[in-house]
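Below is one structure; the comments refer to it alone.
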Amino acid sequence: MISRRSSIRYALACILFTSGCSATGLARGAADLLFVRDHLITVRDVPYGRHDLRLDVHRPRLPRANAPVVVFLFGGRWKYGSKDDYRVLGDALTKQGWVAVIPEYRLHPAVDYPAWVDDAADAVRWARDNIARFGGDSTNIVVIGHSAGAHTATLLALDERHLASVGIDPRSIRGFVSLAGPVDTIWTDADVQRLMGPSEGWPETYPRTHVDGTEPPLLLLHGRNDKTVHPENSVHLAARISAAGGCARSVLIDGVGHVKIILALAAPRLELGDVMPEVVRFVENPAGAACPAGSR
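In my numbering, the protein residues as written are 875 to 1170.
Quick look at the structure:
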C-alpha cells in the first residue's frame, strides 16, 4: 500500500515536473542556495532557530510592496516530511504575490512533543526578524499548516506560551490556517500517544484546552471526504472559539480528502477544490475572513 506521505510527495513532484519551472540561474552563497526562475526566487537552506535547522524562502521576482508572508508547516504524522517536498507549494504561494517560508522541523523518534512546536515558533521568529530583506512585511505574517503541521500551527495560535518563549505575542501574528488538522480530538492511536509524551500532559497538546476568545483569527479548512482526520475537528474547534468570543471560521471543501486538500493549494489550476480562494481571502484580510460581522 502506498503511504499518505508517498502519495503527497509523488503528486507534488508530478505537479513540479509539469509546471515548466526549471531554474534559469543559480548561485551558491556562503550559507544558502539561490535559485532564480521565471517568476520567483528561492533561497534554500537558510539556517534558523536553536537546533541547526534550515528553511527555504520563496519570493516573487517582482514582489509587491509589503508583501504578506506565509509560514507553511508541512504534515506527516510528526514523523515524516521535508521542506524539499513542498517547493511546488512555495511556487503557488508566490504566484499570489506572497513571500513563503517553509521550514524543516525536528521529528519523532528523534524528539517528542513539544520539540516541533518549539521549532515552528523559532521559524516564525526568524520570519519576523528577517523577512523584510526578502521583500516581506514582518507585521503581516500568516501561519498555515497541513495535517500534523496544522495541529502545530493551531497550538501556536491558541497556547501563547510557545510563541512567547521566543518573544512573540500570538496576537501580533495576523492569522493562522489549519488544513485538515487533528485540532479537536483526543489521542487514541498508540503511536501518536507515544510521541505526545506522558499521558498526564496530553491535555496541553489539545488545542481546545487553550481556547479563551483572545486568539488571533483562525481559518480551519477540511475536505468533506477526509477519512484520515475527521472534518468535525475543524467544525468543532471553530465553534468553540466563536462561542468564547474569538474569530474562527470552518469551511468544508466538497470533493476533497486528506491529501487532495494540500494538492488543491499547491496546484489551484487543477481545480481540485476551492482551497486557494479561501486561503487568499484569509491571507489578504484575516479578521474580515474569519470574524463574525460586528466583532473585532
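Quick reminder that beta carbons are idealized off the backbone N, C-alpha and C, glycines included.
Source: prediction; values computed, not measured.
Residue 1082 and residue 1114: beta carbons closer than 8 Å? A contact, by the Cβ cut-off of 8 Å.
Limits of the alpha helix (DSSP H) - the one that residue 1116 falls within: Per DSSP, residue 1116 belongs to the alpha helix (DSSP H) from 1106-1117.
Three or more beta-carbon pairs under 8 Å between the region 1128-1146 and the region 1073-1090, yes or no? With contact defined as three or more Cβ pairs closer than 8 Å, the region 1128-1146 and the region 1073-1090 are not in contact.
Residue interval of the beta strand (DSSP E) (run including residue 916): Here the beta strand (DSSP E) through residue 916 covers 914-922.
Within the same chain, show all residues whose beta-carbon is closer than 6 Å to that of residue 1021, passing over the 5 residues directly before and after it, in chain order. Result list for residue 1021: 949 and 1054, in chain order.
Report the option in 1157, 935 and 986 whose CA atom is closest to the CA atom of residue 910. Residue 935 is the option with its Cα nearest to residue 910.
Would you mind sorting residue 1107 into buried or exposed? The rule is 16 or more other CB atoms within 10 Å of its CB. Counting the other CB atoms within 10 Å of its CB gives residue 1107 a total of 16 or more, which places it among the buried residues.
How many Å lie between residue 955 and residue 947 at the Cα? Rounded to whole angstroms, residue 955 to residue 947 spans 10 Å at the Cα level.
Starting from residue 1079, follow the alpha helix (DSSP H) in both directions and report where the run begins and ends. Residue range 1076-1079 is occupied by the alpha helix (DSSP H) that includes residue 1079.
Got a sec: does the ligand SAM put a non-hydrogen atom nearer than 7 Å to the Cβ of residue 964? Absence of the ligand SAM from the depicted structure is noted, as is the absence of any ligand whatsoever, leaving it without description.
How many whole angstroms separate the CB atoms of residue 995 and residue 1052, which I take to be in contact at a CB cut-off of 8 Å? At roughly 17 Å, the Cβ-Cβ gap does not stay under 8 Å, so residue 995 and residue 1052 are not in contact.
Cα separation between residue 1013 and residue 974? Cα atoms of residue 1013 and residue 974: separation of roughly 14 Å, rounded to the nearest angstrom.
Can you tell me where the alpha helix (DSSP H) with residue 1065 in it begins and where it stops? Residue 1065 -> alpha helix (DSSP H) spans 1064-1069.
Does the separation of the CB atoms of residue 997 and residue 929 fall below 8 Å? Cβ distance < 8 Å, so residue 997 and residue 929 count as in contact.
Please state the DSSP three-state secondary structure of residue 1124. Residue 1124: strand per DSSP, three-state reduction.
Identity of the residues DSSP links to residue 934 by a beta bridge: Residue 934 pairs with 914.
In terms of residues, what are the limits of the beta strand (DSSP E) holding residue 946? First-last of the beta strand (DSSP E) with residue 946: 941-947.
What does the Cβ neighbour count give for residue 1077, buried or exposed, with the cut at 16 atoms within 10 Å? Exposed, since its Cβ has fewer than 16 Cβ neighbours within 10 Å.
Residue span of the alpha helix (DSSP H) that contains residue 1003, given as start and end: The continuous alpha helix (DSSP H) containing residue 1003 extends over residues 989-1004.
If residue 1126 sits next to residue 1104, beta carbons under 8 Å apart, how far is it from one beta carbon to the other, in whole angstroms? Contact check for residue 1126 and residue 1104: beta-carbon distance about 11 Å, past the 8 Å limit, so the pair fails to qualify.
Between 921, 1075, 1079 and 1118, which has its C-alpha nearest residue 1059's C-alpha? It is 1079.
Residue 1028, enclosing alpha helix (DSSP H) - first and last residue: Run containing residue 1028: 1022-1032, per the alpha helix (DSSP H) assignment.
Comparing C-alpha positions only, which one of 1155, 913 and 944 sits nearest to residue 1001? The candidate whose alpha carbon is nearest that of residue 1001 is 944.
Are residue 1147 and residue 1130 touching if we call contact CB-CB under 8 Å? Result yes, Cβ atoms of residue 1147 and residue 1130 sit closer than 8 Å.
Would you report the Cα separation of residue 915 and residue 925, rounded to the nearest angstrom? The alpha-carbon atoms of residue 915 and residue 925 are separated by roughly 26 Å.
Best match in 919, 1015 and 1035 for proximity to residue 1046 [C-alpha to C-alpha]: Ranking 919, 1015 and 1035 by CA distance to the CA of residue 1046 puts 1015 first.
How about residue 964 and residue 932: do their beta carbons lie closer than 8 Å? Yes, the Cβ-Cβ distance between residue 964 and residue 932 is below 8 Å.
Segment limits, alpha helix (DSSP H) that includes residue 1060: Membership of residue 1060 in any alpha helix (DSSP H) is not indicated, and neither H nor E is assigned to it by DSSP.
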